[in-house]
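Residue numbers (the working numbering): 94 to 177.
We put the beta carbon where it would ideally sit given N, CA and C, even for glycine.
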């Protein structure tokens with residue numbers, strides 16, 4: 094008789110880890126909020142010239158710290174650069 098895996102025993106066979114898509118690239122889901130996602134990419138959330146969209150909707154900067162990034166989300170990060 095087979096027993097179910099115990100908690101913390103690793104992934105369940107046949108399951109897949111949660112992912113998000115950032116700027117068109119699929120990656121493991123690791124950040125809880127938009128602000129945490131930026132910091133993980135060495136982007137200062139307070140820096141000027143940054144815009145973030147979550148699932149096709151622009152998120153105001155003031156909401157980045159409270160906006161969760163759910164598994165399966167699509168995030169676009171745009172940074173203005175001097176000189177074009």
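Would residue i be called buried (16 or more neighbouring beta carbons within 10 Å of its own) or exposed?
i	result
residue 162	buried
residue 118	exposed
Pull up the distance between the alpha-carbon of residue i and that of residue j, whole angstroms please.
i	j	result
residue 126	residue 167	13 Å
residue 121	residue 135	17 Å
residue 175	residue 142	10 Å
residue 154	residue 138	8 Å
residue 140	residue 148	22 Å
residue 131	residue 116	12 Å
I'd like to check one pair, residue j with residue i: are the Cβ atoms closer than 7 Å?
i	j	result
residue 128	residue 173	no
residue 170	residue 145	yes
residue 111	residue 164	yes
residue 160	residue 151	no
Could you name the residues that DSSP lists as bridge partners for residue i?
i	result
residue 119	114
residue 161	126
residue 147	150, 168
Is the Cβ of residue i closer than 7 Å to any Cβ of chain B?
i	result
residue 164	Chain labels in this structure do not include chain B; a single protein chain is all it has.
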